[in-house]
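Remarks on the structure that follows.
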Amino acid sequence: MNIRSDSYAAPFLIFGCVLFGLGSLIVRFVPVGPYAVAFWRLLIAAGVFWLLCRFFGQKLPKSRRAVKYAMLSGIFLAFDLSLWHESVYAVGPGISTLLNSLQIFFLSAIGFFFFQERLNSLQVLSLILAVGGIVLIGSPEFNHNAHALWGFVSGIASGGLLALSMVFVRKTHEVERVALFPMMMVLSFGGALSLIVPALIFDSNALYPTQWRDIGLVLIYGVVMQCLAWGMIAYAIPLLSLSLTGLLLLSEPVAALLIDYFWLDKPINTLQWFGVALTLSAIYLGSLKQKNTN
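The sequence shown begins at -6 in the numbering used here and counts up one residue at a time.
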(Lines of atoms letter the chains of each structure in order from A and count residues from 1; the text may use other names and numbers.)
(Lines give C-alpha, C1' and ligand atoms only; values in the text may rest on other atoms or scores of the structure.)
Protein backbone atom coordinates (compact mmCIF):
# COMPACT_ATOMS: atom_id res chain seq x y z
CA MET A 1 0.00 0.00 0.00
CA ASN A 2 1.28 3.42 -0.93
CA ILE A 3 2.09 5.41 2.21
CA ARG A 4 2.00 8.69 0.35
CA SER A 5 -1.51 7.92 -0.92
CA ASP A 6 -2.64 6.95 2.59
CA SER A 7 -1.35 10.22 4.01
CA TYR A 8 -3.69 12.15 1.69
CA ALA A 9 -6.58 9.69 1.78
CA ALA A 10 -7.13 9.64 5.56
CA PRO A 11 -7.60 13.45 5.97
CA PHE A 12 -9.83 13.44 2.87
CA LEU A 13 -11.99 10.72 4.42
CA ILE A 14 -12.27 12.47 7.80
CA PHE A 15 -13.16 15.86 6.28
CA GLY A 16 -15.61 14.22 3.88
CA CYS A 17 -17.31 12.35 6.73
CA VAL A 18 -17.73 15.49 8.85
CA LEU A 19 -19.27 17.36 5.89
CA PHE A 20 -21.46 14.34 5.18
CA GLY A 21 -22.76 14.39 8.76
CA LEU A 22 -23.47 18.13 8.65
CA GLY A 23 -26.00 17.40 5.94
CA SER A 24 -28.32 16.14 8.67
CA LEU A 25 -28.92 19.76 9.69
CA ILE A 26 -30.28 20.54 6.23
CA VAL A 27 -32.45 17.42 6.30
CA ARG A 28 -33.80 18.43 9.69
CA PHE A 29 -34.90 21.93 8.68
CA VAL A 30 -35.91 21.68 5.00
CA PRO A 31 -39.56 20.56 4.54
CA VAL A 32 -38.91 17.99 1.82
CA GLY A 33 -39.60 14.27 2.25
CA PRO A 34 -36.77 11.83 3.01
CA TYR A 35 -36.84 10.08 -0.37
CA ALA A 36 -37.42 13.30 -2.30
CA VAL A 37 -34.52 15.20 -0.70
CA ALA A 38 -32.25 12.21 -1.36
CA PHE A 39 -33.41 12.26 -5.00
CA TRP A 40 -32.65 15.98 -5.40
CA ARG A 41 -29.28 15.58 -3.69
CA LEU A 42 -28.22 12.84 -6.09
CA LEU A 43 -29.72 14.48 -9.18
CA ILE A 44 -27.95 17.78 -8.46
CA ALA A 45 -24.71 15.89 -7.89
CA ALA A 46 -25.10 13.96 -11.15
CA GLY A 47 -25.41 17.26 -13.04
CA VAL A 48 -22.39 18.79 -11.31
CA PHE A 49 -20.23 15.73 -11.97
CA TRP A 50 -21.32 15.69 -15.63
CA LEU A 51 -20.11 19.29 -15.98
CA LEU A 52 -16.84 18.39 -14.25
CA CYS A 53 -16.36 15.42 -16.60
CA ARG A 54 -16.83 17.69 -19.61
CA PHE A 55 -14.57 20.41 -18.23
CA PHE A 56 -11.70 18.06 -17.32
CA GLY A 57 -12.20 15.70 -20.27
CA GLN A 58 -12.64 12.61 -18.09
CA LYS A 59 -14.24 9.63 -19.83
CA LEU A 60 -16.92 7.26 -18.64
CA PRO A 61 -15.75 3.75 -17.69
CA LYS A 62 -15.38 1.41 -20.66
CA SER A 63 -16.22 -1.77 -18.77
CA ARG A 64 -19.91 -2.60 -18.44
CA ARG A 65 -19.17 -4.32 -15.15
CA ALA A 66 -17.59 -1.14 -13.80
CA VAL A 67 -20.67 0.86 -14.83
CA LYS A 68 -22.93 -1.75 -13.24
CA TYR A 69 -20.99 -1.70 -9.96
CA ALA A 70 -20.98 2.11 -9.85
CA MET A 71 -24.74 2.15 -10.49
CA LEU A 72 -25.29 -0.42 -7.75
CA SER A 73 -23.20 1.65 -5.36
CA GLY A 74 -25.42 4.63 -6.17
CA ILE A 75 -28.63 2.65 -5.61
CA PHE A 76 -27.46 1.43 -2.22
CA LEU A 77 -26.35 4.96 -1.34
CA ALA A 78 -29.74 6.35 -2.40
CA PHE A 79 -31.64 4.13 0.01
CA ASP A 80 -28.98 4.59 2.69
CA LEU A 81 -29.63 8.33 2.46
CA SER A 82 -33.41 7.90 2.45
CA LEU A 83 -33.47 5.69 5.54
CA TRP A 84 -30.89 7.90 7.26
CA HIS A 85 -33.20 10.87 6.60
CA GLU A 86 -36.07 8.90 8.13
CA SER A 87 -33.92 8.26 11.19
CA VAL A 88 -32.90 11.93 11.43
CA TYR A 89 -36.58 12.93 11.56
CA ALA A 90 -37.34 10.27 14.17
CA VAL A 91 -34.43 10.46 16.65
CA GLY A 92 -32.32 13.45 15.59
CA PRO A 93 -29.06 13.86 13.65
CA GLY A 94 -26.70 12.62 16.38
CA ILE A 95 -28.23 9.24 17.20
CA SER A 96 -29.20 8.56 13.57
CA THR A 97 -25.64 9.21 12.38
CA LEU A 98 -24.23 6.99 15.13
CA LEU A 99 -26.57 4.17 14.08
CA ASN A 100 -25.59 4.70 10.44
CA SER A 101 -21.94 4.32 11.47
CA LEU A 102 -22.60 0.75 12.57
CA GLN A 103 -21.77 -0.03 8.94
CA ILE A 104 -18.43 -1.36 10.22
CA PHE A 105 -20.24 -4.47 11.48
CA PHE A 106 -22.01 -4.91 8.18
CA LEU A 107 -18.61 -4.68 6.49
CA SER A 108 -17.43 -7.43 8.86
CA ALA A 109 -20.43 -9.57 7.95
CA ILE A 110 -19.78 -9.05 4.24
CA GLY A 111 -16.16 -10.05 4.80
CA PHE A 112 -17.26 -13.19 6.68
CA PHE A 113 -19.90 -14.40 4.22
CA PHE A 114 -18.36 -13.37 0.91
CA PHE A 115 -14.60 -13.09 1.48
CA GLN A 116 -14.04 -15.94 3.98
CA GLU A 117 -12.73 -13.63 6.70
CA ARG A 118 -12.71 -15.43 10.04
CA LEU A 119 -14.19 -13.99 13.23
CA ASN A 120 -12.47 -14.14 16.60
CA SER A 121 -13.29 -13.23 20.19
CA LEU A 122 -12.36 -9.55 19.79
CA GLN A 123 -14.85 -9.06 16.99
CA VAL A 124 -17.56 -10.90 18.91
CA LEU A 125 -16.82 -8.69 21.93
CA SER A 126 -17.10 -5.56 19.81
CA LEU A 127 -20.51 -6.68 18.55
CA ILE A 128 -21.73 -7.35 22.11
CA LEU A 129 -20.50 -3.91 23.20
CA ALA A 130 -22.26 -2.29 20.24
CA VAL A 131 -25.55 -3.97 21.11
CA GLY A 132 -25.16 -2.89 24.74
CA GLY A 133 -24.40 0.66 23.66
CA ILE A 134 -27.47 0.81 21.43
CA VAL A 135 -29.65 -0.45 24.29
CA LEU A 136 -28.30 2.27 26.60
CA ILE A 137 -28.83 4.95 23.96
CA GLY A 138 -32.29 3.72 23.04
CA SER A 139 -33.87 2.99 26.41
CA PRO A 140 -34.38 6.65 27.45
CA GLU A 141 -35.36 7.56 23.88
CA PHE A 142 -38.15 4.98 23.85
CA ASN A 143 -39.57 6.49 27.06
CA HIS A 144 -40.35 9.87 25.51
CA ASN A 145 -40.22 9.43 21.71
CA ALA A 146 -43.06 7.64 19.93
CA HIS A 147 -40.96 7.41 16.76
CA ALA A 148 -37.90 5.88 18.44
CA LEU A 149 -38.43 2.33 17.13
CA TRP A 150 -38.62 3.43 13.51
CA GLY A 151 -35.68 5.79 14.05
CA PHE A 152 -33.47 2.96 15.31
CA VAL A 153 -34.60 0.45 12.67
CA SER A 154 -34.12 2.87 9.78
CA GLY A 155 -30.80 4.14 11.18
CA ILE A 156 -29.32 0.67 11.53
CA ALA A 157 -30.65 -0.41 8.13
CA SER A 158 -29.05 2.67 6.55
CA GLY A 159 -25.70 1.51 7.94
CA GLY A 160 -26.05 -1.79 6.11
CA LEU A 161 -26.85 -0.05 2.85
CA LEU A 162 -23.90 2.33 3.31
CA ALA A 163 -21.59 -0.65 3.76
CA LEU A 164 -22.85 -2.18 0.51
CA SER A 165 -22.34 1.13 -1.29
CA MET A 166 -18.73 1.26 -0.09
CA VAL A 167 -18.10 -2.32 -1.18
CA PHE A 168 -19.32 -1.57 -4.70
CA VAL A 169 -17.17 1.57 -4.92
CA ARG A 170 -14.20 -0.68 -4.21
CA LYS A 171 -15.41 -3.32 -6.69
CA THR A 172 -15.78 -0.64 -9.38
CA HIS A 173 -12.09 0.22 -9.00
CA GLU A 174 -11.12 -3.47 -8.97
CA VAL A 175 -12.67 -3.90 -12.42
CA GLU A 176 -11.42 -0.63 -13.90
CA ARG A 177 -9.53 2.30 -12.41
CA VAL A 178 -12.27 4.85 -13.10
CA ALA A 179 -11.59 8.57 -12.76
CA LEU A 180 -13.39 10.16 -9.81
CA PHE A 181 -15.80 12.46 -11.65
CA PRO A 182 -17.21 9.87 -14.10
CA MET A 183 -17.61 7.33 -11.32
CA MET A 184 -19.45 9.82 -9.12
CA MET A 185 -21.65 10.89 -12.05
CA VAL A 186 -22.70 7.29 -12.75
CA LEU A 187 -23.12 6.59 -9.02
CA SER A 188 -25.26 9.70 -8.43
CA PHE A 189 -27.36 9.22 -11.57
CA GLY A 190 -28.06 5.58 -10.69
CA GLY A 191 -29.09 6.56 -7.18
CA ALA A 192 -31.38 9.39 -8.36
CA LEU A 193 -33.02 7.13 -10.94
CA SER A 194 -33.79 4.51 -8.31
CA LEU A 195 -35.58 7.07 -6.09
CA ILE A 196 -38.07 8.46 -8.59
CA VAL A 197 -40.83 5.96 -7.78
CA PRO A 198 -40.28 5.88 -3.97
CA ALA A 199 -40.30 9.70 -3.84
CA LEU A 200 -43.56 9.88 -5.82
CA ILE A 201 -45.17 7.24 -3.61
CA PHE A 202 -43.97 8.25 -0.14
CA ASP A 203 -43.31 11.99 -0.49
CA SER A 204 -46.05 13.13 -2.87
CA ASN A 205 -46.92 16.04 -0.55
CA ALA A 206 -43.31 17.16 -0.06
CA LEU A 207 -41.53 16.55 -3.36
CA TYR A 208 -39.57 19.79 -3.68
CA PRO A 209 -38.62 22.93 -1.72
CA THR A 210 -40.98 25.88 -2.13
CA GLN A 211 -39.02 28.70 -0.43
CA TRP A 212 -35.87 30.30 -1.84
CA ARG A 213 -34.00 29.54 1.38
CA ASP A 214 -34.96 25.87 1.14
CA ILE A 215 -34.00 25.74 -2.54
CA GLY A 216 -30.59 27.13 -1.63
CA LEU A 217 -30.15 24.59 1.17
CA VAL A 218 -31.08 21.69 -1.11
CA LEU A 219 -28.55 22.95 -3.67
CA ILE A 220 -25.92 23.08 -0.91
CA TYR A 221 -26.94 19.58 0.14
CA GLY A 222 -26.39 18.28 -3.39
CA VAL A 223 -23.22 20.22 -4.23
CA VAL A 224 -21.37 20.20 -0.89
CA MET A 225 -22.59 17.04 0.85
CA GLN A 226 -22.82 14.82 -2.22
CA CYS A 227 -20.27 16.22 -4.66
CA LEU A 228 -17.59 17.38 -2.25
CA ALA A 229 -18.11 15.17 0.82
CA TRP A 230 -19.03 11.89 -0.87
CA GLY A 231 -16.52 12.56 -3.62
CA MET A 232 -13.77 12.83 -1.00
CA ILE A 233 -15.00 9.62 0.64
CA ALA A 234 -15.10 7.78 -2.71
CA TYR A 235 -11.59 9.06 -3.49
CA ALA A 236 -10.22 7.77 -0.18
CA ILE A 237 -11.94 4.36 0.02
CA PRO A 238 -9.83 2.56 -2.65
CA LEU A 239 -6.61 3.84 -1.03
CA LEU A 240 -7.40 2.57 2.48
CA SER A 241 -8.22 -0.77 4.03
CA LEU A 242 -11.84 -1.42 5.00
CA SER A 243 -10.75 -1.48 8.65
CA LEU A 244 -9.11 1.94 8.55
CA THR A 245 -12.09 3.26 6.57
CA GLY A 246 -14.46 2.08 9.30
CA LEU A 247 -12.32 3.61 12.03
CA LEU A 248 -12.03 7.02 10.38
CA LEU A 249 -15.77 7.10 9.77
CA LEU A 250 -16.13 7.60 13.54
CA SER A 251 -15.49 11.30 12.86
CA GLU A 252 -18.98 11.57 11.35
CA PRO A 253 -21.11 10.47 14.36
CA VAL A 254 -18.91 12.37 16.82
CA ALA A 255 -19.46 15.62 14.91
CA ALA A 256 -23.19 14.95 14.53
CA LEU A 257 -23.67 14.14 18.21
CA LEU A 258 -21.90 17.33 19.29
CA ILE A 259 -24.02 19.40 16.93
CA ASP A 260 -27.18 17.62 18.11
CA TYR A 261 -26.39 18.28 21.79
CA PHE A 262 -24.89 21.79 21.73
CA TRP A 263 -26.69 23.35 18.74
CA LEU A 264 -30.07 21.59 18.50
CA ASP A 265 -30.48 21.10 22.28
CA LYS A 266 -31.15 17.38 21.92
CA PRO A 267 -31.62 15.90 25.43
CA ILE A 268 -28.91 13.27 25.82
CA ASN A 269 -28.53 12.03 29.41
CA THR A 270 -25.54 10.45 31.14
CA LEU A 271 -26.73 6.91 30.43
CA GLN A 272 -26.99 7.69 26.73
CA TRP A 273 -23.54 9.31 26.65
CA PHE A 274 -22.16 6.14 28.20
CA GLY A 275 -23.95 4.15 25.50
CA VAL A 276 -22.41 6.42 22.86
CA ALA A 277 -18.94 5.84 24.31
CA LEU A 278 -19.58 2.08 24.43
CA THR A 279 -20.77 2.01 20.81
CA LEU A 280 -17.82 4.07 19.56
CA SER A 281 -15.45 1.78 21.48
CA ALA A 282 -17.12 -1.24 19.86
CA ILE A 283 -16.67 0.26 16.38
CA TYR A 284 -13.03 0.97 17.20
CA LEU A 285 -12.42 -2.61 18.39
CA GLY A 286 -14.13 -3.93 15.26
CA SER A 287 -11.80 -1.82 13.15
CA LEU A 288 -8.75 -3.12 15.04
CA LYS A 289 -9.86 -6.68 14.39
CA GLN A 290 -10.10 -6.08 10.67
CA LYS A 291 -6.78 -4.26 10.63
CA ASN A 292 -5.05 -7.22 12.25
CA THR A 293 -6.50 -9.75 9.81
CA ASN A 294 -6.14 -7.83 6.54
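Built from N, CA and C at the ideal position, the CB exists for glycine as well.
From a predicted model like this one, the values you see are computed outputs, not experimental measurements.
Secondary structure remark: continuous alpha helix (DSSP H) runs of at least 4 residues inside the segment 79 to 109, in chain order: 86 to 93 and 96 to 107.
Contact annotation: L65 and G183 have beta-carbon atoms nearer than 9 Å. Within the model, the alpha-carbon separation for L45 versus L173 is close to 10 Å. G50 sits in coil when the DSSP states are folded into three classes, being neither helix nor strand. With contacts defined by Cβ atoms closer than 9 Å, G126 and L271 form a contacting pair.
DSSP places T263 in the helix class (H, G or I) of the three-state scheme.
In this chain, the alpha helix (DSSP H) harbouring H137 covers S114 to H137. Note that the segment 19 to 33 touches the segment 191 to 202; at least 3 beta-carbon pairs, one per stretch, sit closer than 8 Å. Fewer than three Cβ pairs drawn from the segment 114 to 123 and the segment 51 to 66 lie within less than 8 Å of each other, which leaves the two stretches out of contact. Inter-segment contact for the segment 164 to 179 and the segment 0 to 10 is absent: fewer than three beta-carbon pairs are separated by less than 8 Å. Ranked by Cα distance from D196, the options L15, I19 and V30 are led by V30. DSSP, reduced to helix, strand and coil, places K164 within a helical segment of the structure shown. Shown here, A63 sits in a helix according to DSSP, grouped into three states.
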